[in-house]
Amino acid sequence: METANLKVFRYQPGMDAPVYRDYDVGFQKDLSVLKALFLIADTHEDPPAFRRYCCNRGQCASCVMTINGRMRRACATQLQKETTLEPAYGYPVIRDLVVDFGRKVFSPPDHYTKLMEGSLVLKPPRRKFRKERSVQLSLREDICRRCESKECVEACWLSKMENLEDQFGRRLGRNASVDQLICVQCAEAFCAESCPTGAIAIRQGSVMGINPLLCIGCGICMDHCPHGAIFLNIERGNAVKCDLCEGKPACAQICPHGALQVFNL
Ligand code: SF4
Ligand code: SF4
Ligand code: SF4
Ligand code: FES
């Protein structure tokens with residue numbers, strides 16, 4: 034039988050530095066990383082600590098860890114023959130692959146940063162994300178009349194902006210202004226560079242959007258967007274941002290003064 038080699042991050046508070054231990058398991062097609070960890074727990078004397086599954090269906094995100102450099106749900110990720118497992122980026126490690134999801138650490142300075150109480154946090158790597166910007170939505174300040182009815186915000190709300198919180202945990206209300214919601218489609222997109230799962234990418238045409246199947250709702254992109262244009266959907270637990278309504282911006286279509294304009298650059 035073919036084997037898969039797992040290189041697993043091991044750490045517990047009190048150790049000077051983490052170590053990586055090798056484990057071999059029988060390789061089967063469609064074996065998830067989480068199931069491989071259960072096999073290791075059943076067959077090895079010193080297995081790593083990991084979170085036992087809750088939903089086992091890729092829904093609850095309790096099994097999120099860093100798999101070959103990307104944050105992924107372990108129950109929904111197929112095992113590769115060479116797999117490196119590390120704890121989720123940006124959260125204090127309690128032990129091995131188990132992190133404290135209740136305490137996010139913003140921008141740790143080094144790859145491994147030791148926290149005061151001896152636990153340790155892994156910094157997400159930055160990936161260069163550059164694109165030719167060919168389409169942009171802008172609010173023309175000279176045309177916008179700041180109407181009280183805020184039909185633009187209402188249109189955005191109906192299309193996707195319900196049940197959202199900003200990066201400070203403030204609920205987004207219908208009294209938001211539309212320029213708070215618009216993504217300017219940066220050519221140098223810090224949001225996409227910072228996303229540990231690669232969920233932010235060019236999606237429709239040349240517009241950047243978030244793939245809800247890859248997003249784990251960690252909120253790291255929200256901290257990196259200089260325009261505060263990414264929000265967390267508190268019902269679904271994933272990030273949401275303006276994606277120009279797939280090329281037909283609802284806000285621009287409804288504005289009676291034509292203050293929201295799409296530019297093809
Ligand atoms: S919340 Fe943002 S950074 Fe985290 S996975 Fe989703 S898109 Fe990526
Ligand atoms: S979400 Fe923010 S960082 Fe990302 S492209 Fe839009 S404005 Fe730029
Ligand atoms: S283009 Fe769509 S998602 Fe973006 S601000 Fe306008 S209505 Fe909202
Ligand atoms: S156990 Fe729920 S997403 Fe993996």
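In terms of the numbering used here, the sequence shown opens at residue 34 and continues consecutively. The beta carbon of each residue, even a glycine, is placed where N, CA and C say it ideally should be. Computed from a predicted structure; not experimentally measured.
Relative to ligand 4, the beta carbon of C216 is positioned no closer than 8 Å to any heavy atom. Taking a 10 Å sphere around the C-beta of K62, we find fewer than 16 other C-beta atoms and assign the residue as exposed. Annotation for S95 indicates a beta carbon within 8 Å of some heavy atom of ligand 4. In the three-state scheme derived from DSSP, where H, G and I count as helix and E and B as strand, M34 is classed as coil.
In this structure I243 does not touch S227 by the C-beta definition: roughly 12 Å separates them, more than the 8 Å allowed. G123 is a Cβ neighbour of L155, given a cutoff of 9 Å. Distances between the C-beta of G202 and the heavy atoms of ligand 1 are all 8 Å or more.
Distance check between L64 and each of L170, C258 and T116 places T116 closest, using alpha-carbon atoms only. Scanning the segment 57 to 83 for uninterrupted alpha helix (DSSP H) segments of 4 residues or longer gives 66 to 76, listed from N- to C-terminal end.
For the pair L118 and P81, the CB atoms are nearer than the 9 Å cut-off. Between I215 and S171, the C-beta spacing is below 9 Å. Taken in chain order, the unbroken stretches of beta strand (DSSP E) that lie wholly in the segment 157 to 201 and span 3 residues or more are 168 to 172. Rounded to the nearest angstrom, the gap between the Cα atoms of P245 and C224 is 15 Å.
For L265, the three-state secondary structure derived from DSSP is strand. Note: M241 is bridge-paired with I235 in the DSSP secondary-structure output. When secondary structure is reduced to three states using DSSP, L246 falls in the coil class, being assigned neither helix nor strand.
When DSSP states are grouped into helix, strand and coil, V211 belongs to the helix group. Around Q294, the same chain offers S171, R173 and A285 as residues with beta carbons nearer than 7 Å, after the five sequence neighbours per side are excluded.
Between F83 and M104, the gap from beta carbon to beta carbon reaches 9 Å or more. Judged by the Cβ position, R106 qualifies as a neighbour of ligand 4 at the 8 Å threshold, a heavy atom of the ligand being closer than this.
If you look at F223, you'll find it in the alpha helix (DSSP H) that goes F223 to S227. Around the C-beta of Y44, 16 or more other C-beta atoms lie within 10 Å, and the residue is accordingly described as buried.
Under the 10 Å beta carbon count, D276 is surrounded by 16 or more other beta carbons and is classified as buried. By the 16-neighbour rule on beta-carbons within 10 angstroms, K274 is buried. Taking C-beta atoms under 8 Å as the contact rule, F42 and D129 qualify, at a distance of about 7 Å.
Taking the Cβ of L247 as the reference point, at least one heavy atom of ligand 1 falls within a distance shorter than 8 Å. The distance from the Cβ of A222 to that of G250 is about 19 Å, inconsistent with a contact at the 8 Å cut-off.
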